[in-house]
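Position one of the sequence shown corresponds to residue 1 (this note's numbering), numbered consecutively onward. Glycine residues also receive a C-beta, built at the ideal position from the N, C-alpha and C atoms.
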Amino acid sequence: MLTINVAILLMVIVVLRLRRRTEARSRFDEKMTVLIVLALGVILAPTEVGQGIANIVGQLVSGVSQAGQ
């Protein structure tokens, strides 16, 4: 359960950071946002939620690739 709680905390941080205006961000701020999002992905990947997201994204990608052919 600790993994889900940390994931929720990171999602809240990401949403709050992304709501800020683009002009107000420094390069360091952008790098921190990327690192936080990467950490969120690593935490979610082995969970059932992460596997569900991976399956949905995989289906979307295969549908788009089939539609383009």
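Checklist entry - Under the rule that 16 or more other beta-carbon atoms within 10 Å means buried, what is Ala-54, buried or exposed? => result exposed
Checklist entry - Based on Cα-Cα distance, which residue from Glu-30, Asp-29, Thr-22, Ala-39 lies nearest to Leu-9? => result Ala-39
Checklist entry - What number of angstroms, rounded off, separates the C-alpha of Ile-43 from the C-alpha of Met-32? => result 16 Å
Item to check | Spatial distance of Val-72 from Glu-23 (CA atoms) | outcome: For residue 72 there is no data in the structure shown, the boundaries of the chain being 1 and 69.
Next on the checklist: Quick check: Val-14 and Val-37, are their CB atoms within less than 7 Å of each other?
Outcome noted: yes
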